[in-house]
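*Asks:*
Number of protein chains: 2
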Amino acid sequence: MALVVQKFGGSSVASLERIRNVANRVMREKEDGNRVVVVVSAMGDTTDELIGLARQTGPVLDDREMDALLATGEQQSAALLTLTLRNMGCDAISLTGWQAGILTEPVHGKARISKITPERIQKELAGGKVVVVAGFQGLSPGGDVTTLGRGGSDTTAVALAAVLGADICDIYTDVDGVYTADPRVVKDARKLPYVSYDEMLELASLGAVVLQPRAVEFAKLYGVKLQVRSSFSFAKGTSIMEVGQMEKERIVTGVAHDLNVAKVTLFDLPDVPGIAKTIFKSLARHGINVDMIIQSGNRNGHNDISFTITRDDLPRALTVVEQVRQETGASGASFGEDVAKVSIVGAGMQSNPGVAAAMFEALADEEINIQMISTSEIKVSCVIDAVNVAKAVQALHRKFALDEVD
Amino acid sequence: MALVVQKFGGSSVASLERIRNVANRVMREKEDGNRVVVVVSAMGDTTDELIGLARQTGPVLDDREMDALLATGEQQSAALLTLTLRNMGCDAISLTGWQAGILTEPVHGKARISKITPERIQKELAGGKVVVVAGFQGLSPGGDVTTLGRGGSDTTAVALAAVLGADICDIYTDVDGVYTADPRVVKDARKLPYVSYDEMLELASLGAVVLQPRAVEFAKLYGVKLQVRSSFSFAKGTSIMEVGQMEKERIVTGVAHDLNVAKVTLFDLPDVPGIAKTIFKSLARHGINVDMIIQSGNRNGHNDISFTITRDDLPRALTVVEQVRQETGASGASFGEDVAKVSIVGAGMQSNPGVAAAMFEALADEEINIQMISTSEIKVSCVIDAVNVAKAVQALHRKFALDEVD
Numbered sequence: 074m075a076l077v078v079q080k081f082g083g084s085s086v087a088s089l090e091r092i093r094n095v096a097n098r099v100m101r102e103k104e105d106g107n108r109v110v111v112v113v114s115a116m117g118d119t120t121d122e123l124i125g126l127a128r129q130t131g132p133v134l135d136d137r138e139m140d141a142l143l144a145t146g147e148q149q150s151a152a153l154l155t156l157t158l159r160n161m162g163c164d165a166i167s168l169t170g171w172q173a174g175i176l177t178e179p180v181h182g183k184a185r186i187s188k189i190t191p192e193r194i195q196k197e198l199a200g201g202k203v204v205v206v207a208g209f210q211g212l213s214p215g216g217d218v219t220t221l222g223r224g225g226s227d228t229t230a231v232a233l234a235a236v237l238g239a240d241i242c243d244i245y246t247d248v249d250g251v252y253t254a255d256p257r258v259v260k261d262a263r264k265l266p267y268v269s270y271d272e273m274l275e276l277a278s279l280g281a282v283v284l285q286p287r288a289v290e291f292a293k294l295y296g297v298k299l300q301v302r303s304s305f306s307f308a309k310g311t312s313i314m315e316v317g318q319m320e321k322e323r324i325v326t327g328v329a330h331d332l333n334v335a336k337v338t339l340f341d342l343p344d345v346p347g348i349a350k351t352i353f354k355s356l357a358r359h360g361i362n363v364d365m366i367i368q369s370g371n372r373n374g375h376n377d378i379s380f381t382i383t384r385d386d387l388p389r390a391l392t393v394v395e396q397v398r399q400e401t402g403a404s405g406a407s408f409g410e411d412v413a414k415v416s417i418v419g420a421g422m423q424s425n426p427g428v429a430a431a432m433f434e435a436l437a438d439e440e441i442n443i444q445m446i447s448t449s450e451i452k453v454s455c456v457i458d459a460v461n462v463a464k465a466v467q468a469l470h471r472k473f474a475l476d477e478v479d
Numbered sequence: 074m075a076l077v078v079q080k081f082g083g084s085s086v087a088s089l090e091r092i093r094n095v096a097n098r099v100m101r102e103k104e105d106g107n108r109v110v111v112v113v114s115a116m117g118d119t120t121d122e123l124i125g126l127a128r129q130t131g132p133v134l135d136d137r138e139m140d141a142l143l144a145t146g147e148q149q150s151a152a153l154l155t156l157t158l159r160n161m162g163c164d165a166i167s168l169t170g171w172q173a174g175i176l177t178e179p180v181h182g183k184a185r186i187s188k189i190t191p192e193r194i195q196k197e198l199a200g201g202k203v204v205v206v207a208g209f210q211g212l213s214p215g216g217d218v219t220t221l222g223r224g225g226s227d228t229t230a231v232a233l234a235a236v237l238g239a240d241i242c243d244i245y246t247d248v249d250g251v252y253t254a255d256p257r258v259v260k261d262a263r264k265l266p267y268v269s270y271d272e273m274l275e276l277a278s279l280g281a282v283v284l285q286p287r288a289v290e291f292a293k294l295y296g297v298k299l300q301v302r303s304s305f306s307f308a309k310g311t312s313i314m315e316v317g318q319m320e321k322e323r324i325v326t327g328v329a330h331d332l333n334v335a336k337v338t339l340f341d342l343p344d345v346p347g348i349a350k351t352i353f354k355s356l357a358r359h360g361i362n363v364d365m366i367i368q369s370g371n372r373n374g375h376n377d378i379s380f381t382i383t384r385d386d387l388p389r390a391l392t393v394v395e396q397v398r399q400e401t402g403a404s405g406a407s408f409g410e411d412v413a414k415v416s417i418v419g420a421g422m423q424s425n426p427g428v429a430a431a432m433f434e435a436l437a438d439e440e441i442n443i444q445m446i447s448t449s450e451i452k453v454s455c456v457i458d459a460v461n462v463a464k465a466v467q468a469l470h471r472k473f474a475l476d477e478v479d
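Line order of the protein sequences matches chains A and B.
Going by our numbering, the first sequence opens with residue 74, and the numbers climb by one from there.
Going by our numbering, the second sequence opens with residue 74, and the numbers climb by one from there.
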């Protein structure tokens, strides 16, 4: 008897009709003889509505109270799905995060799971029940409700699958899998039958968000077999697995793009040791994540440093960068929001040295200027003018023949 | 430094504007130098809306899941009030029922509080925080969320006041106190400055519902000083206290009426021992509460038994009574929904034997026929035709000069 963990996102439980659809899938899995643990997000826009209510109380949104407020959304959808299952004759029980034994660090808003004590879940499973767990939440050592950050229900599902030794963790969402590129940009983008954990991590962090990156890391760490599939069709989704388990290693698996990028440049910094430290420590202290960094060559004892951050962080970055400029004696700073990042990702890239060059060639053929480049073992990213994004993604998709992926 | 428990009902927190109003009251109490524990109900119609959603899942409303669902309403209002307080510069923290240490029997839908472990509340109070507790809910020994039944937040507030040794428990509601009669029926009804616990209990159970009866019992048992007052005005409310603490003992304190009454009669029951037991055991087994009972005198070895139940229970009672009729050999049964109960309540009644007679006289003067009578030490109730209710209440209010109460 296999153990299956199923996770349904907010759009999959956005109405009672959709919850009935979910209940049908759960029952099908149960009728196939499996034990089933279901993790649900809050219904549709519930979380955003609760945030909207909270905002009306004033400008200060205490993190602990926000977590207490937001966690109720998943508790409601878990109870409603359970009521639906019981009305269909399927024995089921809902558990909140703390009832499910999900313990986290004492951090609010984006806590990490520190431990799971699954005794209650195991007891209910042994009693023949479908266990419906409220996603996105846990309990701190001090007994407070915490939340795991946006997409946290993915992490709940993967962590439970790991701890319970589930045979599969199915992530149901409103897309039916991971594509070679965003189908809205590339009309002949193909659904990938499988990708590696590392490819998925790169794709997620590069803007092709299907799964919370932390959930993928967790799955990789504990070897959880993941599948991304649609809750609205019975089509096979995309499996996420170890490279070694993949049928074949592709050189390039997909093209990702990300418009949530802003570029900052500091001009004429003195070329002395410690300057970079000063800049990036200040940004880190203000919680601003830096993605790519380039430094120009020395020019009369001075050089320029450019870096990218998310566009969301730009307002906060303005004041920090101005302070840093004064501290370091830079002659000026510029801020650009009209940039974007395009990336190619593929597990086979590390053994094929010509891939980056092929990427640059494809962009050059389209007369797209590359402003910044960064690479890892399985990806190459370029910052370009935002206006060229669609053209770049389409060109790269053609260049690496991704419409022929199978 | 006094400890004050304040309870705000659903209408007092029905919108963010009203929650701000509540926050102002809480802060005023705090600024007076008091420690404050606040208990809140769910916002406005939240509970009914959640019940409406649950009903759409099908006819079976599992009690445990309903409790899991409904408890979120109070958790949301507690978090939103806390966010509001913090935005006003008042340090505060919200606690769910289980975080507040409210333990109950393992019963769903109307659990009784079995124990409170108030360490967390005491810790937060000691830290100078206003503690906002989600009312209406607790935790079962098995770790499930339970609810305390309609009006359960009253019980939460009183129980916390008892355990914490609070100096006062203020119940804020949409009426500004307890009246000598329903002001919608008697236009010169007077607000009572004080009533005894027992009078309040009788008034509540007789249809003049201002406080959950269980909350009043709890307050009496632990000597909690209660006050019912309006969250929309600063007028003094009604204090609820021991008879011995009252300035003067009134013979009649108020007139209550109740339209949620139905009358059932079984005809020509054989006058043998055990018949009454058979009838009322069957009803009890089906969870139908019987209020008043009368038995006619023996007539040829047979008699009739009439009793009243709540009108809500009538549909279920129909089948139970028909079974009982067949079992007992009664010749027939009748069911009446066109009845109501009027009652007078007063702590001084027990030492004034003429009170019941005065009541019957007042009703007779209005040519109102009395169908059933029941009495306790501090109340007399009569079942009459529903159509005569307003006339009866007005006549009784006049008869006992309740418009002169002070």
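Each residue gets a CB set at the ideal place from its N, CA and C atoms; glycine is no exception.
1. Given this structure, state the Cα-to-Cα distance separating residue 146/A from residue 226/A, to the nearest angstrom.
2. Does the beta carbon of residue 206/B sit closer than 8 angstroms to a beta carbon anywhere in chain A?
3. I need the DSSP call for residue 235/B, collapsed to helix, strand or coil.
4. Taking C-alpha atoms, which residue in 439/B, 217/B, 238/B and 156/B lies nearest to residue 144/B?
5. Considering Cα atoms alone, identify which of 219/B, 202/B, 381/B and 156/B is closest to residue 208/B.
6. Who are the neighbours of residue 216/B on chain A, taking C-beta pairs under 8 angstroms?
7. So which residues of chain B does residue 131/A contact, with C-beta pairs closer than 9 angstroms?
8. Under 9 angstroms Cβ-Cβ, which residues of chain A neighbour residue 145/B?
9. On the three-pair Cβ rule with 8 angstroms, is the segment 330 to 345 of chain A touching the segment 402 to 421 of chain A?
10. Would you mind sorting residue 466/B into buried or exposed? The rule is 16 or more other CB atoms within 10 Å of its CB.
11. Taking the alpha-carbon positions, what's the residue 398/A to residue 377/A distance?
12. What is the DSSP secondary structure of residue 161/A, counted as helix, strand or coil?
13. Can you list, in chain order, the residues of its chain with a C-beta nearer than 6 angstroms to that of residue 178/B? Leave out the 5 residues immediately preceding and following it.
14. Quick check: the segment 194 to 213 of chain B against the segment 262 to 275 of chain B, are there 3 or more CB pairs under 8 angstroms?
15. Just tell me which of 463/B, 102/B and 155/B has its CA closest to the CA of residue 243/B.
16. With DSSP collapsed to three states, give me the class of residue 381/B.
17. Cβ of residue 237/B within 8 angstroms of Cβ of residue 110/B?
18. Quick check: what's the CA-CA separation for residue 330/A versus residue 191/A?
19. Using CA coordinates, which residue listed in 93/A, 434/A and 477/A is at the minimum distance from residue 161/A?
20. What are the residues of the segment 325 to 337 of chain B that lie near chain A, defined by any Cβ-Cβ distance shorter than 8 angstroms?
21. Whose C-beta lies closer than 6 angstroms to the C-beta of residue 383/A among residues of the same chain, with five residues either side of it excluded?
22. From this set, 234/A, 275/A, 195/A and 113/A, which residue's C-alpha is nearest residue 420/A's C-alpha?
23. I believe residue 303/B touches residue 249/B by the beta-carbon criterion, under 8 angstroms. Please report the beta-carbon distance rounded to the nearest angstrom.
24. Starting from residue 331/A and walking both ways along the beta strand (DSSP E), at which residues does that stretch end?
25. Compare the C-alpha of residue 95/A against each of 107/A, 113/A, 104/A and 105/A and name the closest.
26. Looking at the C-beta of residue 465/A, does it have a partner C-beta in chain B at a distance below 8 angstroms?
27. In chain B, which residues lie less than 8 angstroms from residue 167/A when you measure between Cβ atoms?
28. Are the C-beta atoms of residue 134/B and some chain A residue less than 8 angstroms apart?
29. Would you identify the three-state DSSP class for residue 376/A, choosing helix, strand or coil?
30. Which residues in chain A sit within 9 angstroms of residue 127/B, going by Cβ to Cβ distance?
31. If we define contact as Cβ-Cβ less than 8 angstroms, is residue 89/A a contact residue for chain B?
32. Hey, residue 246/A and residue 82/A: beta-carbon distance below 8 angstroms or not?
33. Does the beta-carbon of residue 85/B have 16 or more other beta-carbons within 10 angstroms, so that it is buried, or is it exposed?
34. Taking 8 angstroms as the cut-off, decide whether the C-beta atoms of residue 401/A and residue 352/A are in contact.
35. If you drop the 5 nearest sequence neighbours on each side, which residues of the same chain put their C-beta closer than 8 angstroms to that of residue 324/A?
36. Going by DSSP, which residues form a beta bridge with residue 268/B?
*Replies:* This is what the structure holds:
1. 12 angstroms
2. The C-beta of residue 206/B comes no closer than 8 angstroms to any C-beta of chain A.
3. helix
4. 217/B
5. 219/B
6. 172 and 193
7. 156, 157, 159, 160 and 161, listed in chain order.
8. Annotation: Cβ neighbours of residue 145/B in chain A (cutoff 9 angstroms, chain order): 144, 145, 146, 148, 149 and 152.
9. yes
10. buried
11. Per the coordinates, the alpha-carbon of residue 398/A lies some 12 angstroms from the alpha-carbon of residue 377/A.
12. Here residue 161/A sits in coil by DSSP.
13. 184, 185 and 187
14. The segment 194 to 213 of chain B is not in contact with the segment 262 to 275 of chain B.
15. 102/B
16. strand
17. Contact: yes.
18. 39 angstroms
19. 93/A
20. none
21. 333
22. 275/A
23. Residue 303/B to residue 249/B, Cβ: 4 angstroms. Contact.
24. 327 to 331
25. 113/A
26. no
27. 138 and 141
28. yes
29. The three-state reading of DSSP puts residue 376/A in strand, counting E and B together.
30. Scanning chain A for C-beta atoms nearer than 9 angstroms to the C-beta of residue 127/B yields 152, 153 and 156, reported in chain order.
31. Yes, contact with chain B.
32. yes
33. buried
34. yes
35. 419, 421, 422, 425, 428 and 473
36. 313/B
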